[in-house]
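Residue numbers (our numbering): 18 to 509. Built from N, CA and C at the ideal position, the CB exists for glycine as well. Report on one structure; see the data block that follows.
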C-alpha cells in the first residue's frame, strides 16, 4: 500500500531524531530521572469512548468534576485541538493504533470491517521490542474478531452475546470498573517487565446510566455523570501506578475516540456527522520528562499522530507506514513547518441508508465538509458551526478542497469505500440470536454528489431511534406504528 509523502517525511524526521541514541531523554523535554532511558518506560493508554473534549474540566467545562483527568493534564500535556478520524469506535481506534487514516487501514465502520493482519499496530511494534502487551476493552465493537486485538499477549473482551437482549451491537458492553479490575490485575503481574496496557472505557456511550453517587449528583445530566464516573476510574488506575511505584517510569496517554452530538445539528448521538461535537476529543500525555508538565498545545492534531509520537518518546524506532506525524517537535516548543490539518470521515449514512458519505478537513481556522451541499465554518468566530460560509467564501472552499485532495492522494487509497465484508457464520448466528440484523446498502459506483445529503435525512434517523427506544421499553405497538410511517415517507 502506498503511504505517500506524509509517511516519507515522517520516516525521515524520526530517523534523524533520537531513536536509540544516548541523549534521547534530554533536550527541551528535560532529562528522565537518573538511570532511566526512554526504552525503560512502560506505556498505559486509556481510551474514553464517546467523550467530548468540551465536557471535561481541564478543557474548560465548569459543570462537571473530573479531578483525575484534570490532574493528569496539569502534570502533563493537554492538546487543545485533537481530532478523531471518524465518529465511530472501531475506525477511530484502528487509526489510533496504526497511525493511518481510515481510507488507508480500511476500517470504515463498526461491524463488517476488519483490521487486516497486514497492518502493523502499536501493540505489535512494542511486543516485538520486548514489551508485555495487554488490552482490556469494554464493548463488543472492539472484540478481537474485528482485528483490533493483534499484537496483544492478553486481550480481555470475553463478550457472551447470548447473555444480551438488545437490537444494537453498540449496546453490548460492560461497566468500566469490571474492565479496570482486570487491567489492574494484569499490570500487577508485570513486575520487573516493561509493559503496554490499554484500557478502554465505554461508559459515556449511551445508554447513559452512571452509578451512584454520580446518578444523583448529575440528576438530569446523565451523560456528564458518566464522564464523572469514568474520571473516577481513571483516578483508580493512576492511584495504582503511584502505589506500585510505576508513575515515574510510565508514559500515560488518555484519548477520546470520538465525541457525542448532544442534539447539535439535530443529531442526538454520533456516527452521522463530522462536526466538532463528535470529532473534537480529549488528548492528554503525562510522563516522567520534566518538560511535559503543565504544557498546553494549541495546534490542530489528529489521533493518527498518537502512535508516531509514542514510539518517538519511547525510542522504539520509526513506525512502519504510518501517516501521522510525531508530535515531539510541538512538545519541545517548536512550531510546525506547515499549518496542520486533521482529516475525518463518516461513511455511516452511505453504508446503512444509501445517503452520501461525509469527508472533512479541520484546520485551526476552518472546518470544511465535502457533502452534496458543501459546508465551511469559521471555527474562530462560529465554534458551534452554525453559519455555513461555503457560498460566501468560494476561494477558501477551493483551497480546502485542494488540500483534502492532496491528503487523500497521500493516503494511497481512493476515498470511496467498499461495502462491509461478509461476517463469519458464528458471528451472524450470535447476532441473529440477539435480534440484531445489520443492514447495508450497496452504493458502489455511485458518486457522493448523486446521493442524498445526510443533513436532509437526520429527521428520519431520529424517528428510527425513537422507534427503537419504544421497542426496548416494551411499547411494541408505538414502535411498529413509527416504523411504518417512516417506510411510507421514505420507501427507499
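For residue i and residue j, which I take to be in contact (beta-carbon distance under 8 Å), what is that distance rounded to the nearest angstrom?
i: residue 345; j: residue 330; result: 7 Å
i: residue 288; j: residue 363; result: 7 Å
i: residue 131; j: residue 164; result: 4 Å
i: residue 223; j: residue 479; result: About 14 Å separates the two Cβ atoms, so there is no contact after all.
i: residue 65; j: residue 247; result: 6 Å
i: residue 359; j: residue 100; result: 4 Å
i: residue 296; j: residue 249; result: That pair is no contact at about 26 Å.
i: residue 126; j: residue 368; result: 6 Å
i: residue 385; j: residue 377; result: 7 Å
i: residue 240; j: residue 281; result: With a Cβ gap of about 13 Å, residue 240 and residue 281 do not count as contacting.
i: residue 57; j: residue 266; result: 6 Å
Quick one: grab the DSSP three-state call for residue i.
i: residue 40; result: Only weak support exists for where residue 40 lies, its pLDDT of 31 falling under 50; the value from the coordinates is given anyway. If DSSP states are grouped into helix, strand and coil, residue 40 belongs with the helices.
i: residue 92; result: helix
i: residue 150; result: strand
i: residue 52; result: coil
i: residue 404; result: coil
i: residue 498; result: helix
i: residue 71; result: helix
i: residue 59; result: strand
i: residue 306; result: coil
i: residue 371; result: coil
i: residue 243; result: helix
i: residue 184; result: Summary for residue 184: the model assigns pLDDT 48, below 50, so the residue's position carries little reliability, and this model does not support an answer.
i: residue 76; result: helix
i: residue 289; result: coil
i: residue 452; result: Because residue 452 sits at a pLDDT of 42, beneath the cut-off of 50, its placement in the model cannot be relied upon, and the following sentence gives the value as read from the coordinates. Of the three classes helix, strand and coil, the one that applies to residue 452 here is coil, per DSSP.
i: residue 249; result: helix
i: residue 222; result: coil
i: residue 294; result: helix
i: residue 235; result: coil
i: residue 46; result: coil
i: residue 335; result: coil
i: residue 479; result: helix
i: residue 126; result: coil
i: residue 504; result: helix
i: residue 227; result: coil
i: residue 132; result: coil
i: residue 198; result: helix
i: residue 398; result: coil
Please state if the CB of residue j and the CB of residue i are separated by a distance shorter than 8 Å.
i: residue 380; j: residue 298; result: no
i: residue 67; j: residue 320; result: no
i: residue 169; j: residue 146; result: no
i: residue 495; j: residue 507; result: no
i: residue 340; j: residue 123; result: no
i: residue 300; j: residue 272; result: yes
i: residue 109; j: residue 275; result: yes
i: residue 74; j: residue 310; result: no
i: residue 383; j: residue 413; result: yes
i: residue 59; j: residue 191; result: no
i: residue 142; j: residue 167; result: no
i: residue 348; j: residue 336; result: no
i: residue 392; j: residue 405; result: yes
i: residue 94; j: residue 312; result: yes
i: residue 195; j: residue 270; result: no
i: residue 356; j: residue 343; result: no
i: residue 89; j: residue 305; result: no
i: residue 197; j: residue 171; result: no
i: residue 78; j: residue 71; result: yes
Per DSSP, residue i forms a beta bridge with which residues?
i: residue 360; result: 378
i: residue 267; result: 59
i: residue 207; result: Paired residues: none, contrary to the question.
i: residue 300; result: 272
i: residue 64; result: 217 and 272
i: residue 385; result: 378 and 393
i: residue 98; result: 317
i: residue 190; result: 156
Would you give the residue range spanned by the beta strand (DSSP E) that residue i belongs to?
i: residue 492; result: Note, residue 492: premise wrong, no beta strand (DSSP E); not H, not E.
i: residue 162; result: No beta strand (DSSP E) contains residue 162, which DSSP labels as neither H nor E.
i: residue 214; result: 212 to 218
i: residue 329; result: From DSSP, residue 329 is part of no beta strand (DSSP E) but of the alpha helix (DSSP H) over 323 to 331.
i: residue 319; result: 312 to 319
Between which two residues does the alpha helix (DSSP H) harbouring residue i extend?
i: residue 468; result: Run containing residue 468: none; DSSP gives neither H nor E here.
i: residue 113; result: 106 to 115
i: residue 173; result: Careful: residue 173 lies outside any alpha helix (DSSP H), inside the beta strand (DSSP E) at 171 to 173.
i: residue 141; result: 139 to 145
i: residue 282; result: Segment: none, residue 282 is in no alpha helix (DSSP H) and carries neither H nor E.
i: residue 413; result: 411 to 428
i: residue 347; result: 345 to 348
Counting contacts by CB-CB distance shorter than 8 Å, is residue i in contact with chain E?
i: residue 50; result: Reference to chain E is not applicable here, since this structure consists of a single protein chain.
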